[in-house]
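Q: Going down the list, the sequences are from chains L and P.
For reference, each letter of the first sequence is one residue, going 1 to 319 in UniProt numbering.
For reference, each letter of the second sequence is one residue, going 1 to 319 in UniProt numbering.
Beta carbons are placed, not taken as given, at the ideal position from N, Cα and C, and that holds for glycine.
Note that the structure is a prediction, hence the values are computed from the model and not measured.
Protein chains: 2
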Amino acid sequence: MDEFALIRRYFQSLQQDGLPSSVSVGIGDDCAVLNVPPDQQLVVSIDTLVEGVHFLPDTPADQLAWRILGAAVSDLAAMGATPAWLTLALTLPQAEESWISAFSAALSAATRQYNIQLVGGDTTRGPLTLTAQVHGFVKTGTALLRKGAKPGDLICVTGTLGDSRAGLDTLLNDASLDEDVAYLRRRFYRPEPRIETGQLISPFASSCIDISDGLLGDINHILEQSGVGAQINPAALPLSAELLRFAGQKKARSWALTGGEDFELCFTVPPSQWISLQSQLQHHDVQVTPVGAICEATGIQLFIECEWQMVEASGYKHF
Amino acid sequence: MDEFALIRRYFQSLQQDGLPSSVSVGIGDDCAVLNVPPDQQLVVSIDTLVEGVHFLPDTPADQLAWRILGAAVSDLAAMGATPAWLTLALTLPQAEESWISAFSAALSAATRQYNIQLVGGDTTRGPLTLTAQVHGFVKTGTALLRKGAKPGDLICVTGTLGDSRAGLDTLLNDASLDEDVAYLRRRFYRPEPRIETGQLISPFASSCIDISDGLLGDINHILEQSGVGAQINPAALPLSAELLRFAGQKKARSWALTGGEDFELCFTVPPSQWISLQSQLQHHDVQVTPVGAICEATGIQLFIECEWQMVEASGYKHF
Numbered sequence: 001m002d003e004f005a006l007i008r009r010y011f012q013s014l015q016q017d018g019l020p021s022s023v024s025v026g027i028g029d030d031c032a033v034l035n036v037p038p039d040q041q042l043v044v045s046i047d048t049l050v051e052g053v054h055f056l057p058d059t060p061a062d063q064l065a066w067r068i069l070g071a072a073v074s075d076l077a078a079m080g081a082t083p084a085w086l087t088l089a090l091t092l093p094q095a096e097e098s099w100i101s102a103f104s105a106a107l108s109a110a111t112r113q114y115n116i117q118l119v120g121g122d123t124t125r126g127p128l129t130l131t132a133q134v135h136g137f138v139k140t141g142t143a144l145l146r147k148g149a150k151p152g153d154l155i156c157v158t159g160t161l162g163d164s165r166a167g168l169d170t171l172l173n174d175a176s177l178d179e180d181v182a183y184l185r186r187r188f189y190r191p192e193p194r195i196e197t198g199q200l201i202s203p204f205a206s207s208c209i210d211i212s213d214g215l216l217g218d219i220n221h222i223l224e225q226s227g228v229g230a231q232i233n234p235a236a237l238p239l240s241a242e243l244l245r246f247a248g249q250k251k252a253r254s255w256a257l258t259g260g261e262d263f264e265l266c267f268t269v270p271p272s273q274w275i276s277l278q279s280q281l282q283h284h285d286v287q288v289t290p291v292g293a294i295c296e297a298t299g300i301q302l303f304i305e306c307e308w309q310m311v312e313a314s315g316y317k318h319f
Numbered sequence: 001m002d003e004f005a006l007i008r009r010y011f012q013s014l015q016q017d018g019l020p021s022s023v024s025v026g027i028g029d030d031c032a033v034l035n036v037p038p039d040q041q042l043v044v045s046i047d048t049l050v051e052g053v054h055f056l057p058d059t060p061a062d063q064l065a066w067r068i069l070g071a072a073v074s075d076l077a078a079m080g081a082t083p084a085w086l087t088l089a090l091t092l093p094q095a096e097e098s099w100i101s102a103f104s105a106a107l108s109a110a111t112r113q114y115n116i117q118l119v120g121g122d123t124t125r126g127p128l129t130l131t132a133q134v135h136g137f138v139k140t141g142t143a144l145l146r147k148g149a150k151p152g153d154l155i156c157v158t159g160t161l162g163d164s165r166a167g168l169d170t171l172l173n174d175a176s177l178d179e180d181v182a183y184l185r186r187r188f189y190r191p192e193p194r195i196e197t198g199q200l201i202s203p204f205a206s207s208c209i210d211i212s213d214g215l216l217g218d219i220n221h222i223l224e225q226s227g228v229g230a231q232i233n234p235a236a237l238p239l240s241a242e243l244l245r246f247a248g249q250k251k252a253r254s255w256a257l258t259g260g261e262d263f264e265l266c267f268t269v270p271p272s273q274w275i276s277l278q279s280q281l282q283h284h285d286v287q288v289t290p291v292g293a294i295c296e297a298t299g300i301q302l303f304i305e306c307e308w309q310m311v312e313a314s315g316y317k318h319f
């Protein structure tokens, strides 16, 4: 089969179930033609994964589909947005049917899970690289930004931190598979973007970011854009039992502070909103943990050995 | 300088002149926050260029900026759309300041020329690859699609064809530089997306596509989606004097039929609209040339040696 036809068949099958009303024209023309609902703003984010840089060579195609989409949708979650559309630029060394078939099946499952519609893409030959742009909606004026944290605000994170970094470690060091290792790898391969949590906290939070480069590096973006500093208590960081058993407390805390790609949310809440937020969270199944507070003095301080110590926001660097 | 800061400095400088009203939040948050004007639909397209596949190694950074943006905006032109926003995913082997500086200066000039605003991006390390997503607006219900060509419609193209393929040839064969060679290379490096022409023809045309893979390959998309065939007269193809001098008539026609990346428009017009369209085109500075007609019998026929001959739509294949 002609390679164009092959790729077209697999990806066009992702819109076989019919298109949502927001999509007038999907895959197959020069552009997709799309409708943003009245009173909504469009939010967009573009993310690239490169083989050998962001994922290990020979990572299974289905894992890549979940990973790229989870990471990209996480940016929508950080804005408190509702996912809408996906475009995908796929650069492949060759058009191998088994790879494309596995990738598109997983992408289909992932797009259904996050309720996001594939509306366009480009497939090219070259070193394995995936670029996804996600598009979502927020009610006009309600997008949750990095800017807005104020001294006194609580700093919170969702879920548990450091698991993804540990998952990568199990792969790099070829750890023998047990239940903990399986859990940590799943956290690495299948980030769970906090879409509902982002929407739930949006009316209460003063700023938000998703944790892709590590807590310290990412909160630093909030601090820079808000013109404030932070005090964080490492003992308060939420750590999974699996991570603690696998890595021990010291390494677990270090990975929770600087390990990338947890795709949890880090957000700030004014003390006046804290009670209201807690009551909203009562029946929500994602854990939210206060880990520190915003302060006036710029920079990040960690509470280590009974005193506040300044640290560098040494997140993951791309070069 | 920290590489993050380097890239941020160059790309954020592209929004220094202030943001258009359609952009509430540009570069620098998890997502851009954008406003689609009332009564408009959003059209989007994503395109990737890979070093060694879509452009030669060591292509100057400024040429790449013009090329990726021209090629991407051309998809907006084919819909009759008005350019609005750009996102850019850039994968670079290293963060070299001279490269980034030259690229961003050219990108700045190109985005001003096409009146498109950079609103987000991702910069990663890896083999040189550029992915651009362009976003534009069309009045609701007026997007110009590939579908819609009917038997009897005239097939028209803008500008001249084959120049870009000849420009590539001058590079591959290291042709000695004269005025013709310089012209053909400019056509290769700096496609001129037909934005105004697309908007002008939109009320009259029944279908449209931009010529990225070659006239035969691209018109075939119109034919497939419209369920019709085409008769094309190669003698009617618009060829530049530079191309004719460089390649001779035979090769020039062949490149005009199958050479990719001219980024001219190919569109169809019902005969009833032809007079009105011509009067609109009278004071328009882009040439529009009828090159054939849509017919009921599927497939493409060329008028060669005084008879109609069926041909394969052998456009450029990505694999």
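Would you verify that the beta carbon of Ser24 (chain L) is, or is not, closer than 8 Å to some beta carbon of chain P?
A: yes
Q: Shortest alpha-carbon distance to Gln273 (chain L) belongs to which of L:Thr160, L:Ile155, L:Gly259 and L:Ala182?
A: L:Ile155
Q: Please list the residues of the stretch 257–280 of chain P that have a C-beta atom closer than 9 Å to any C-beta atom in chain L, keeping them in chain order.
A: none
Q: Ends of the beta strand (DSSP E) at Leu49 (chain P)?
A: Gln40 to Val50
Q: Show which residues of chain P have a CB atom less than 7 Å away from the CB atom of Ile46 (chain L).
A: Thr87, Ala89, Gly120, Gly121, Asp122 and Gln133
Q: Would you call the stretch 126–144 of chain L in contact with the stretch 65–82 of chain L, where contact means no fewer than 3 C-beta pairs closer than 8 Å?
A: yes
Q: Tell me whether Leu19 (chain L) sits in a helix, a strand or coil according to DSSP, three-state version.
A: coil
Q: Closer than 7 Å by beta-carbon distance: list the chain P residues that pair up with Thr129 (chain L), in chain order.
A: Contacts between Thr129 (chain L) and chain P, judged by CB atoms closer than 7 Å, involve Thr91, Gly126 and Thr129 in chain order.
Q: For the beta strand (DSSP E) containing residue 322 (chain P), list its first residue and its last residue.
A: The shown model of chain P, from 1 to 319, leaves out residue 322 (chain P), and the question about it has no answer.
Q: Counting only Cβ pairs nearer than 8 Å, list the residues of chain L close to Arg146 (chain P).
A: Those are Gly28, Asp29 and Asp30, listed as they occur along chain L.
Q: I'd like to know if Ala149 (chain P) contacts chain L, where contact means its C-beta is closer than 8 Å to some C-beta of that chain.
A: no
Q: Find the residues of chain L that neighbour Asp210 (chain P), judging by a C-beta separation of less than 8 Å, and give them in chain order.
A: Asp30
Q: Leu172 (chain P): buried (16+ other C-beta within 10 angstroms of its C-beta) or exposed?
A: exposed
Q: Would you give the residue range spanned by the beta strand (DSSP E) that Pro37 (chain L) belongs to?
A: From DSSP, Pro37 (chain L) is part of no beta strand (DSSP E); its letter is neither H nor E.
Q: Secondary structure at Glu307 (chain P), three-state DSSP: helix, strand or coil?
A: strand
Q: Whole angstroms are fine: how far does the CA of Cys31 (chain L) sit from the CA of Thr87 (chain L)?
A: Take the alpha-carbon of Thr87 (chain L) and the one of Cys31 (chain L): they are about 11 Å apart.
Q: Name, please, each residue of chain L whose Cβ falls closer than 9 Å to the Cβ of Asn35 (chain P).
A: Near Asn35 (chain P) (Cβ distances below 9 Å), the residues of chain L are Val36, Gln41, Leu42 and Thr140.
Q: Would you mind giving the Cβ-Cβ distance between Val36 (chain P) and Ala81 (chain P), rounded to the nearest angstrom? I have them listed as a contact below 8 Å.
A: With 8 Å as the limit, Val36 (chain P) and Ala81 (chain P) do not qualify as a contact, their Cβ atoms being about 12 Å apart.
Q: Given Phe303 (chain P), which residues of its chain have a CB within under 6 Å of its CB, disregarding the five upstream and five downstream residues?
A: Asn233
Q: Using a Cβ cut-off of 9 Å, pull out every chain P residue sitting near Ala102 (chain L), in sequence order please.
A: Ordered by position in chain P, no residue passes the 9 Å Cβ test against Ala102 (chain L), which lies about 18 Å from the chain.
Q: Let me make sure I understand the geometry here. Which of P:Leu265, P:Cys295 and P:Pro20 has the alpha-carbon closest to that of Leu161 (chain P)?
A: P:Leu265
Q: Would you please verify whether the beta carbon of Met79 (chain L) is less than 8 Å from any beta carbon of chain P?
A: yes
Q: Count the other CB atoms, across all protein chains shown, that sit within 10 Å of the CB of Pro191 (chain P); report buried if there are 16 or more and exposed otherwise.
A: buried
Q: Given a cut-off of 8 Å, decide if Tyr10 (chain L) and Ser98 (chain L) are closer than it, judged by their beta-carbon atoms.
A: With respect to the 8 Å criterion, Ser98 (chain L) and Tyr10 (chain L) are not classified as neighbours on the basis of their beta carbons.
Q: Please confirm whether Asp75 (chain P) has its beta-carbon closer than 8 Å to some beta-carbon of chain L.
A: yes
Q: Could you give the first and the last residue of the continuous alpha helix (DSSP H) run that contains Val73 (chain L)?
A: For Val73 (chain L), the enclosing alpha helix (DSSP H) begins and ends at Ala61 to Ala78.
Q: Quick one: using the 10 Å Cβ neighbour count with 16 as the cut-off for buried, is Gln63 (chain P) buried or exposed?
A: Gln63 (chain P) is buried by the Cβ-count criterion.
Q: Work out the CA separation of Leu243 (chain L) and Thr298 (chain L) for me, nearest whole Å.
A: 31 Å
Q: DSSP three-state call for Gly148 (chain P): helix, strand or coil?
A: coil
Q: To the nearest angstrom, how far is it from the Cα of Tyr114 (chain P) to the Cα of Ser104 (chain P)?
A: 15 Å
Q: Cβ closer than 9 Å: which chain P residues qualify as neighbours of Val50 (chain L)?
A: Thr91, Thr124, Arg125, Gly126, Pro127 and Thr129
Q: Excluding sequence positions up to five away, which residues of its chain have a Cβ less than 8 Å from the Cβ of Arg245 (chain L)?
A: Asp180
Q: Where does Gly136 (chain P) sit, in a helix, a strand or coil, going by DSSP?
A: In the displayed model, Gly136 (chain P) falls within a strand according to three-state DSSP.
Q: Run through the UniProt domain "PurM-like C-terminal" (150–302) of chain L for me and flag every whole beta strand (DSSP E) of 3 or more residues, listed as ranges in chain order.
A: 154–158, 207–210, 229–232, 265–269 and 288–295
Q: Residues of chain L with a CB under 7 Å from the CB of Val53 (chain P): which are they?
A: Thr124, Arg125 and Gly126
Q: Anyone know if the C-beta pair for Thr123 (chain L) and Leu90 (chain L) falls short of 8 Å?
A: The Cβ-Cβ distance between Thr123 (chain L) and Leu90 (chain L) falls below 8 Å.
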